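Visitor:
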Amino acid sequence: MSGNVVNTALQAVPLSERKLGFSDHFALWGSLGVGLLVIQAGTFLVPGLGAAAAFAAIVLGTLIGTALLVWVGWLGAQSGVSSAGLIWPALGRHAAVLPVGANVLQLLGWAIFEIVVIRDGLSGIAKQTWGWDKPAVFTVLVGLLLLGLLCLSMVGIVRQFIRRAGLALMLAALGWLTVRFVGEVSQFGWDKFWARAGDGSMGFGAAVDLVIAMPISWLPLVADYTRFSRNGRSAVTGIGIGYALANIWCFALAILIAAVHPGSDMVATILLGASGALALGLLLVDEVDNGYGDLYSAAVSSHSLLPRVPVGSFGPLLAVVATVLALLLPIQNYQNFLYLLGSVFVPLFGVVIAHHGTSPRLPAADTPAIVWPGTLAWIAGIAVYQIVSRVYPSVGASLPSLLAAFALYYALAAIRVRRTAAA
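Heads up: the sequence shown begins at 291 in the working numbering, then just goes up one per residue.
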């Protein structure tokens, strides 16, 4: 911070502005836990695993991933600072620039994915209903919708739209899809469904890792929302219950879909059924908040790097950038880059959790340029992630890299404390 410029991302939200309670967090994170991308990811679990093993991986992975999400959410609620504000003291004010900048790129990329998913869904509905296929038009419309939302108050959107309408739309869409595909599996035969063995193309550890990846992907964002929580308990219970239920529901639904429609396109499969266009439309409305969440947090992280530009100005600007890139980029080729960026944040939050514990430390003007225990542990965690993912892909790299970064931070911090005491 310099002069009269206030970096609101690194300052605690005033108590008077902390208005989100349990129902707000439950609705927000239940809604963020639902999406076509989540259901699509769930279909990857089979045929590698049998149904019983897949369901076990879903429950275990969700519990582990949601516990980490809740922990970081608690830190945001207790401190009142953003995700960037939690990274700052753990790595140092200069070292933190790299992961926060990478987070902006990652969130912009996922926002592009969300725009493409919503666009393709709307194009599918329009083509089936009216024979009209104009993806560029729908891309612009989705971008304009996100731009408009980013001009509004985040707290207001959560309390007025997501809690009052978004949650109901999500439940209606998932309920309809569940009834439909439970019926299709019943015709297929539940005995055959449970008896089908996996082909071994995916190990149980890798399956758990895939499920964990969904809640972990929200770690760089969660504190941006929980900092507006009235208290830590409402944030923890709202996230824990809302996100866990949504993640398990979506993955379980994906297993049912994959059993009766293996290898099929998700949008086309949903549109096949009676009232499929209506169910898909409700799901796409719920998908909008995922794109909004990505862009809002990207704006907060951008403001933490360039505090002269307010969060409210960054949001609409990023919405325009994401829309233009969704029109121009071959998004399929961009996916591997996004996953590479994602591998940066699993060990990063191993360091953040180790640094803060359960009592967050606020960013301070005298924070060192580089906090060496945190920076070295983060780099080592990235290395562990890359090695495990290449050498032992069946194990899953998320937990090993997070635990390695967590343990190394503690070891290096203890060494520094001993040296300081000896000096």
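Even glycine gets a Cβ: it sits at the ideal position worked out from N, Cα and C.
Fair warning: this is a prediction, and the values are worked out from it, not measured in the lab.
Identify which residue in Ala374, Gly488, Leu617, Ala357 has its Cα closest to the Cα of Leu335.
Guide: Ranking Ala374, Gly488, Leu617, Ala357 by Cα distance to Leu335 puts Gly488 first.
Visitor: Would DSSP call Ser369 helix, strand or coil?
Guide: helix
Visitor: Which runs of the alpha helix (DSSP H), 4 residues or longer, sit entirely within the stretch 456-514?
Guide: 457-478, 480-485, 494-506
Visitor: Any idea what DSSP makes of Ser679, helix, strand or coil?
Guide: helix
Visitor: Give the single residue among Leu631, Val642, Arg708 whose Cα lies nearest to the Cα of Gly391.
Guide: Leu631
Visitor: Helix, strand or coil: which one does DSSP assign to Ser306?
Guide: helix
Visitor: Roughly how far, in whole angstroms, is the beta-carbon of Thr356 from the beta-carbon of Asn521, given that I think they are within contact range, below 8 Å?
Guide: The pair is not a contact, with the Cβ atoms about 19 Å apart (cut-off 8 Å).
Visitor: Rank Ser372, Gly332, Ile506 by C-alpha distance to the C-alpha of Ser691 and give the top, closest one.
Guide: Ile506
Visitor: For Pro650, count the other beta carbons within 10 Å of its own beta carbon; 16 or more makes it buried, fewer makes it exposed. Which is it?
Guide: buried
Visitor: Classify Ser715 as helix, strand or coil using the three-state DSSP reduction.
Guide: Any property of residue 715 remains undetermined from this structure, which presents the chain solely from 291 to 713.
Visitor: Taking only runs of the beta strand (DSSP E) that begin and end inside the stretch 555-631, which ones reach a length of at least 3 residues, in chain order?
Guide: none
Visitor: Whose C-beta lies closer than 7 Å to the C-beta of Leu365 among residues of the same chain, with five residues either side of it excluded?
Guide: Leu376, Ala513, His646, Pro650
Visitor: With DSSP as the reference, label Ser292 as helix, strand or coil.
Guide: Because the pLDDT at Ser292 is just 47, under 50, the model does not fix this residue reliably, and the value given afterwards should be weighed accordingly. Looking at Ser292 - three-state DSSP - the assignment turns out to be coil, as it is neither helix nor strand.
Visitor: Which complete alpha helix (DSSP H) runs does the stretch 364-425 hold, if anything under 4 residues is left out?
Guide: Annotation: the stretch 364-425 contains the following complete segments of the alpha helix (DSSP H) (minimum length 4 residues), in chain order: 373-381, 387-420.
Visitor: Please report the straight-line C-alpha distance between Arg706 and Trp668, rounded to a whole angstrom.
Guide: 17 Å
Visitor: Leaving out five residues on either side along the sequence, give the residues of the same chain with a beta carbon under 8 Å from the beta carbon of Pro337.
Guide: Arg486, Gly488, Asp489, Ser491, Ala548, Pro552
Visitor: May I ask you to report which of helix, strand or coil DSSP gives Gln301?
Guide: coil
Visitor: Could you have a look at His551 and say whether DSSP puts it in helix, strand or coil?
Guide: Coil.
Visitor: For Asp314, name the three-state secondary structure that DSSP assigns.
Guide: The three-state reading of DSSP puts Asp314 in helix, counting H, G and I together.
Visitor: In terms of residues, what are the limits of the alpha helix (DSSP H) holding Gly686?
Guide: According to the DSSP assignment, Gly686 belongs to no alpha helix (DSSP H), since it is labelled neither H nor E.
Visitor: Identify whether Leu442 lies in helix, strand or coil by the three-state DSSP scheme.
Guide: coil
Visitor: Determine the burial state of Ser306: buried for a count of at least 16 other Cβ atoms within 10 Å of its Cβ, exposed for fewer.
Guide: exposed
Visitor: Could you tell me whether the Cβ atoms of Val611 and Leu546 are closer together than 8 Å?
Guide: No. Outside cutoff.
Visitor: Roughly how many whole angstroms lie between the Cα atoms of Ala380 and Val642?
Guide: 6 Å
Visitor: Can you give me the start and stop residues for the alpha helix (DSSP H) that Val328 sits inside?
Guide: 326-332
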